[in-house]
Structure formats: structure tokens, C-alpha cells
Amino acid sequence: MNNPSSRWKWLLAAVALAACATTPLGSEGPGCEEAAEVALSEEACADESRLVPLCAGEQCGLYRCREVKEFLVLGRVVLARGAAAVLPNPTAGAQRNWGSAQELPRDTRPVFIIPWRHRPPLLPSQQQMLDEAAKERRKPHEQHHIFPRMFRSWFTQQGIDIDEYVILLEVEKHRSIHRGANGGPWNDAWARFINKRSSDRVPKEEIHKYAGQLIYEFELFGPVMRFRSQLPPLPLGY
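Going by mature numbering (1 follows the signal peptide of the UniProt record, and there is no 0), the letters in the sequence shown line up with residues -26 to -1, 1 to 212, in that order.
Structure (C-alpha cells):
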């Protein structure tokens, strides 16, 4: 593997596999097919010991040229559109990704199989976290302005659109920090900050730093979004 020829053949295989991996499934575009044409040309397989990539479905594999020459048509492999180059379904077990565990038609064996979209099962602790997040999301929430609406005009003078900074809180938590006169303890904390700087142009960095300090002190947790916007859907797996 130290000679230039060996390094070149591995580089060729890696480039072609990367091209396959970035092509959407079912796409009729040229990306994966063109990569295969380059890697599986007669020049690429002039040395039968070289490795070439075959991609099909959700897997790509590296194969020895001498074992897949029969699948080459005019210097290129027939991709997943035909049965000849379709990769087998992986079998279970520790050898899932290694050559002898899979076979193509006519007993062609891959050197290595890459299951591009393989997702291992979640650990119990991971599943518990997902379940708790979904449960939390189903609770009633209210949108809380990090920069109070009572002081909208002051924040506007500082170049801050307060509707861009809303945090989603559980109803009880939100109402607890606003309970009392003049918007409760949250507004009172901001009033003290503003009164000390009412005649000054305050840098945004200082305002945002204080907002972060209050979020920490009041123990607020939730996604930050624009006012009246909707939460994005949960990722797959929730």
C-alpha cells in the first residue's frame, strides 16, 4: 500500500463513494452515476486487483475489479436500475459491514459495505430523554418576552426588536415571574437596569449579557423564537 498505484486506487474509490453518498435516493441526476462511470471505466479496472465502488439503495460497497467485471457494461456498472448490481440486504451479526458476510449474485463478495442510512437502536436512556421531551412539549406553554413589552420604546431606541426574543415557558412558570404589580419580578429586574442607564445609549452586548444573566437567575428553560411563531416539528425519533 505504499506505492503510488495503490494510493491512487484507494483515492479513486473514496471519491466515487463520496459522490454516491451525496446523491439523493431515487434521483435521476448524474452525480452517483457519473462517479461510477469514472471509477468503473476500463482504465480504472486495468489492474484486476483494484477496488471499485458499487452503490445501490442505501448501501455502497468496495469490490475487487476481477470479481465484478461481468457486471460492467461498456466500461460502466449497471447501477441500482438493474438486478445485476443490486447489493444484498445486510445480515445480522458482528460481521455486518465486512466482506464475507454479504454476497452479490454469482458469489461476488464485497471488501467492505457502507450502510449510509443505518441508524442503530436507541439506548434506553436515550429513549427516555426523547419521551420526556415529547411529554414536556405537550404541556401548556406561553410565550415570554425576554425584553419586557412594558419597556418596548426603550429597547427600540437601543436597536432591539423585542418580538425577536421570546422564550416558550410553562404557563405556571411564566405567570410566577410576572406575578405582582407592574409585571412582577421579571419586569422589576429590567426596570432597575434601565433606570441606571435611561439617558445613555447602551451597547447591545451589555443588554444581551444582562438578559442572559436574568435567564440564569430565574431558571428559565425553553426555545427562543419570534413572537407568535410556531415551534418547529420534532426531529425524527421523537
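Heads up, the beta-carbon is just placed ideally off N, CA and C, and yes, glycines get one too. Keep in mind the model is a prediction, meaning the values are calculated, not measured.
Considering only residues of the same chain and omitting the five flanking positions on each side of Pro177, which have a CB-CB separation below 6 Å? none
Spatial neighbours of Gly196 in its chain, beta-carbon cut-off 7 Å, leaving aside the 5 residues before and after: Ile141, Leu142, Leu143
Compare the Cα-Cα distances from Glu116 to each of Arg202, Ile134, Ser23, Pro27 and report the closest residue. Arg202
Can you give, in chain order, each stretch of the alpha helix (DSSP H) that sits fully within the segment 123 to 165 and has at least 4 residues? 126 to 131, 145 to 151
So the beta strand (DSSP E) Gln117 belongs to, where does it begin and stop? 115 to 119
In angstroms, rounded to a whole number, what distance separates the CA positions of Asn161 and Ile189? 13 Å
Who are the near neighbours of Leu(-2) in its chain, counting only those whose CB is closer than 6 Å to its CB and skipping five residues on each side? For Leu(-2), the predicted structure reports a pLDDT of 46, less than 50, and the residue's modelled location is therefore unreliable. A value from the coordinates is still provided. Closer than 6 Å at Cβ, skipping near neighbours: no residue.
Helix, strand or coil for Gly35? Go by DSSP, reduced to three states. strand
Name, in chain order, the residues that DSSP records as bridge partners for Pro27. Leu36
Using the beta-carbon count (16 or more within 10 Å), is Leu97 buried or exposed? exposed
Which partner residues does Val198 have in the DSSP bridge list? Ile141
Relative to the alpha-carbon of Pro114, which residue among Met199, His148, Tyr184 has its alpha-carbon at the smallest distance? His148
Assuming Val42 contacts Tyr139 (C-beta within less than 8 Å), just tell me the rounded distance between them. No, Val42 and Tyr139 are not in contact; Cβ-Cβ is about 58 Å, not under 8 Å.
Is Lys183 helix, strand or coil when you go by DSSP? helix
With respect to the alpha helix (DSSP H) encompassing Leu104, which residues constitute its N-terminal and C-terminal limits? 98 to 112
Give the DSSP-derived three-state secondary structure of Lys178 in the structure shown. helix
Looking at Phe121: is its Cβ nearer than 8 Å to the Cβ of Ala165? no
By DSSP, does Glu41 sit in helix, in strand, or in coil? helix
With H, G and I counted as helix, E and B as strand and the rest as coil, what does DSSP make of Glu191? helix
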